[in-house]
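Notes follow the structure.
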Amino acid sequence: TSAKQDTSAKQDTSAKQDTSAKQDTSAKQDREARKRPLLSWSHDSQYFAIACEEGIKIYHITKALGPVVEVSFTDHSGNKIPYYPAPGATFSWQPNSRVNDPAVLAVWTAKPRDVAPSRLTLVEVPSFKVLATRNIFSIDGIARIYWSHHGEYCALVTQIQAKAVMGQKRAVHSQLDVFTMKAFRGSLPVSSVTVPHEIMTVSWSESRDRLAVLAVNKQVIFYTVTKKGLEECGEPMDVPREINTISWSPLGTHFVLSACSIEESAGTLWFGVCSDVSTSTNGAGSGYSGSGAGSGARLIPGVGLSGKGVATNAATRSIPGAPSGFKTATGSSGTVTAGSSKLFTPEILFKGEQMKLQHVDWDPSGRYVSTSVSSPVGSKSGYKFDEIAGYTLWSCQGKAIFNAGVEGLHRFQWRPHPFVHMPESRRELVRESFNQYTKTFEAQDSKRKTERREEAMKFSKQQRDTFQKLLRAAQDGCRALPESEQWEQMEAEYQKSRQLVKHVKENWREISVTVKPAVVPSN
Numbered sequence: 009t010s011a012k013q014d015t016s017a018k019q020d021t022s023a024k025q026d027t028s029a030k031q032d033t034s035a036k037q038d039r040e041a042r043k044r045p046l047l048s049w050s051h052d053s054q055y056f057a058i059a060c061e062e063g064i065k066i067y068h069i070t071k072a073l074g075p076v077v078e079v080s081f082t083d084h085s086g087n088k089i090p091y092y093p094a095p096g097a098t099f100s101w102q103p104n105s106r107v108n109d110p111a112v113l114a115v116w117t118a119k120p121r122d123v124a125p126s127r128l129t130l131v132e133v134p135s136f137k138v139l140a141t142r143n144i145f146s147i148d149g150i151a152r153i154y155w156s157h158h159g160e161y162c163a164l165v166t167q168i169q170a171k172a173v174m175g176q177k178r179a180v181h182s183q184l185d186v187f188t189m190k191a192f193r194g195s196l197p198v199s200s201v202t203v204p205h206e207i208m209t210v211s212w213s214e215s216r217d218r219l220a221v222l223a224v225n226k227q228v229i230f231y232t233v234t235k236k237g238l239e240e241c242g243e244p245m246d247v248p249r250e251i252n253t254i255s256w257s258p259l260g261t262h263f264v265l266s267a268c269s270i271e272e273s274a275g276t277l278w279f280g281v282c283s284d285v286s287t288s289t290n291g292a293g294s295g296y297s298g299s300g301a302g303s304g305a306r307l308i309p310g311v312g313l314s315g316k317g318v319a320t321n322a323a324t325r326s327i328p329g330a331p332s333g334f335k336t337a338t339g340s341s342g343t344v345t346a347g348s349s350k351l352f353t354p355e356i357l358f359k360g361e362q363m364k365l366q367h368v369d370w371d372p373s374g375r376y377v378s379t380s381v382s383s384p385v386g387s388k389s390g391y392k393f394d395e396i397a398g399y400t401l402w403s404c405q406g407k408a409i410f411n412a413g414v415e416g417l418h419r420f421q422w423r424p425h426p427f428v429h430m431p432e433s434r435r436e437l438v439r440e441s442f443n444q445y446t447k448t449f450e451a452q453d454s455k456r457k458t459e460r461r462e463e464a465m466k467f468s469k470q471q472r473d474t475f476q477k478l479l480r481a482a483q484d485g486c487r488a489l490p491e492s493e494q495w496e497q498m499e500a501e502y503q504k505s506r507q508l509v510k511h512v513k514e515n516w517r518e519i520s521v522t523v524k525p526a527v528v529p530s531n
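Start counting the sequence shown at 9; every next residue gets the next number (the numbering used here).
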């Protein structure tokens with residue numbers, strides 16, 4: 009009887025756990041469903057997709073202010089079949105910067121976990137050619153799609169729930185699939201890795217094949233896309249609990265780990281750099297450039313740096329209290345091998361704080377980064393941020409350059425820079441002739457400094473002449489007064505005293521002073 013009771017109790021417990029898990033899953037799906045885009049434009053602004061009850065509808069704009077035409081798929085018989093994915097699907101356009109390339113839409117169709125696998129489909133529009141599909145079973149929640157900045161890669165993050173074990177909670181792990189869109193004419197290669205914990209966010213580097221993953225267990229994992237697939241760079245690194253944002257430099261060499269929009273947080277800031285493995289192995293330093301000691305390498309917007317002539321900073325070779333996974337310039341990682349230009353080792357350069365941090369923005373050149381605290385517009389609680397509202401400018405190595413408090417600051421943004429349309433051959437030529445350009449720029453800087461110095465001296469001379477003119481006018485006015493003779497006598501005495509002081513200062517060694525002893529009374 010007791011055995012039956014225990015069995016029934018375990019069954020009731022497992023049933024309750026399954027019910028609560030389903031409720032949590034449904035609530036999570038509802039929250040994520042609200043975040044889905046209702047309307048999204050393609051990269052060339054020719055197509056836009058709308059999420060509706062039937063699924064996803066795609067429309068085409070033939071010309072500006074012209075009619076909007078619904079796009080449909082045409083089979084071999086000439087019949088038009090509307091392409092409507094299943095309801096509950098989410099989608100994302102490829103952010104491709106090349107206008108002549110066809111638009112690509114990534115569609116994620118979620119299915120019940122026990123009925124059918126969920127599917128990611130990459131569709132070319134308007135031909136509706138399926139470029140790639142990915143079926144995944146046992147999905148927990150809705151997947152997330154992360155495109156790289158230029159649309160070269162598409163990352164899919166899914167939470168997979170393991171089979172239930174009696175008396176134990178279902179284990180959940182994450183799966184990261186990366187599609188390489190460079191192989192556009194053939195089948196798209198895909199690389200998959202498994203993360204033992206739930207993934208919070210994925211951040212792509214703007215100019216390189218790098219991405220960083222932040223997991224729930226507060227570990228940051230760096231990956232790079234190579235010919236072999238998705239490879240991990242370094243070991244998973246432990247970060248503070250409040251870290252929730254990864255911000256990459258436009259050059260893809262530096263990054264900032266920050267805690268943004270957390271009221272009770274101290275605004276943790278970790279400035280890091282990704283050192284190429286070949287550079288670190290050869291002892292060239294930390295792989296970043298700046299105004300520190302070393303060869304004086306500089307950052308070129310839109311060009312980047314090769315492994316040659318990289319500045320060395322001895323202060324970053326030994327980092328007291330650095331977390332696990334962060335390697336110094338002389339260290340190495342157990343999962344990477346030297347000789348590959350894509351593999352790198354992450355390092356921490358500086359740790360800082362900014363109270364109630366909200367925004368981290370990189371300068372388009374990749375040299376500077378700004379952190380700001382803003383006051384929300386139209387919010388009743390905006391007065392709480394007025395006293396601490398402001399911004400701080402940092403170098404890419406984490407050195408604070410400028411700090412300003414701005415009451416009522418709503419947003420801080422950098423001025424955008426136009427993209428440098430330069431082929432790779434031209435960029436390589438710039439790297440090779442960088443020293444020649446440096447000499448030219450230094451000569452121009454020296455010329456500008458000389459011109460500014462001459463202008464400052466000319467302005468100073470004008471100010472002195474104006475003052476002397478006013479002084480002479482005042483002296484002439486004083487001489488016209490009845491008491492001018494007394495003023496002239498006082499001025500003559502003052503000039504004599506000045507000459508005497510000057511004479512004493514110049515000839516104090518030759519002047520002998522005899523000091524008579526003081527007479528002390530006998531009583």
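Glycine included, each C-beta is placed from N, C-alpha and C at the ideal position.
Bear in mind the structure is a predicted one, so any value in this text is a computation, not a measurement.
Legend entry - Three-state secondary structure (DSSP) of residue 263: strand
Inset, instruction - Would you kindly work out how many angstroms separate the C-alpha atoms of residue 429 and residue 435, rounded to a whole number? - result: 10 Å
Legend entry - CA-to-CA distance, residue 181 to residue 409, given in whole angstroms: 42 Å
Inset, instruction - Kindly indicate which three-state DSSP category residue 133 falls into: helix, strand or coil? - result: strand
Inset, instruction - Look up residue 506 in the DSSP assignment and say whether it is helix, strand or coil. - result: helix
Legend entry - Contact under 8 Å by Cβ, residue 398 with residue 377: no
Legend entry - Contact set for residue 417: own chain, Cβ-Cβ below 8 Å, skip 5 residues either direction: Only 380, 381, 382, 383, 397, 398, 399 meet the Cβ criterion.
Legend entry - First and last residue of the uninterrupted beta strand (DSSP E) at residue 227: Residue 227 -> beta strand (DSSP E) spans 227-234.
Inset, instruction - Just confirm the distance between the C-beta atoms of residue 368 and residue 264, as a whole number of angstroms; I'd bet it's less than 8 Å. - result: 6 Å
Inset, instruction - Could you tell me which residues DSSP pairs with residue 128 in its beta bridges? - result: Residue 128 is bridged to 116, 142.
Legend entry - Backbone secondary structure at residue 439 - three-state DSSP: helix
Legend entry - residue 111 versus residue 100: straight-line alpha-carbon distance, rounded: 11 Å
Inset, instruction - Check whether the Cβ atoms of residue 267 and residue 275 sit closer than 8 Å, and answer yes or no. - result: With respect to the 8 Å criterion, residue 267 and residue 275 are classified as neighbours on the basis of their beta carbons.
Inset, instruction - Would you please state the rounded distance, in angstroms, between the beta carbons of residue 163 and residue 184? I believe it to be under 8 Å. - result: Right, their Cβ atoms sit about 6 Å apart.
Legend entry - Contact under 8 Å by Cβ, residue 199 with residue 186: yes
Legend entry - Inter-residue Cα distance where the pair is residue 236 and residue 131: 25 Å
Legend entry - Simplified DSSP state of residue 484, which is helix, strand or coil: helix
Inset, instruction - Could you give the DSSP three-state label for residue 402: helix, strand or coil? - result: strand
Inset, instruction - Grab me the residues of residue 424's own chain with a C-beta within less than 8 Å of its C-beta, minus the 5 sequence neighbours each way, in chain order. - result: 372
Legend entry - Neighbour-count burial assignment, residue 212, 16 or more Cβ in a 10 Å radius: buried
Inset, instruction - Could you tell me which residues DSSP puts in a beta bridge with residue 354? - result: 282
Inset, instruction - Quick one: using the 10 Å Cβ neighbour count with 16 as the cut-off for buried, is residue 431 buried or exposed? - result: exposed
Inset, instruction - Could you have a look at residue 52 and say whether DSSP puts it in helix, strand or coil? - result: Residue 52 falls in the coil class under three-state DSSP.
Inset, instruction - With a threshold of 16 other CB atoms inside 10 Å of the CB of residue 498, please say whether the residue is buried or exposed. - result: exposed
Inset, instruction - Leaving out five residues on either side along the sequence, give the residues of the same chain with a beta carbon under 7 Å from the beta carbon of residue 514. - result: none
Inset, instruction - For residue 517, collect the residues of the same chain with a Cβ closer than 8 Å to its Cβ; drop the 5 residues on either side in sequence, then sort them by chain order. - result: none
Inset, instruction - Please report the Cβ distance between residue 206 and residue 256, rounded to the nearest whole angstrom; I am assuming they are in contact, meaning their Cβ atoms lie under 8 Å. - result: The beta carbons of residue 206 and residue 256 sit about 22 Å from each other, so the pair does not count as a contact at 8 Å.
Legend entry - Close Cβ partners of residue 53 (< 8 Å) along its chain, the five nearest in sequence each way excluded: 69
Inset, instruction - Taking residue 159 and residue 218 to be in contact with their CB atoms under 8 Å, please state how far apart those CB atoms are, rounded to whole angstroms. - result: The Cβ separation is near 16 Å, so there is no contact.
Legend entry - Alpha carbon of residue 282 to alpha carbon of residue 233, nearest angstrom: 15 Å
Legend entry - N-terminal and C-terminal residue of the beta strand (DSSP E) that residue 241 is part of: 237-246
Legend entry - Three-way DSSP call (helix, strand, coil) for residue 425 in this model: coil
Legend entry - Cβ-based burial, residue 124 [other Cβ within 10 Å; buried from 16]: exposed
Inset, instruction - Take residue 126 and list the residues in its own chain whose beta-carbon comes closer than 6 Å to its own, dropping the five residues that flank it on each side. - result: 118, 119, 144, 147
Legend entry - Start-to-end residues for the beta strand (DSSP E) that takes in residue 411: 408-413
Legend entry - residue 370, DSSP secondary structure in three states: strand
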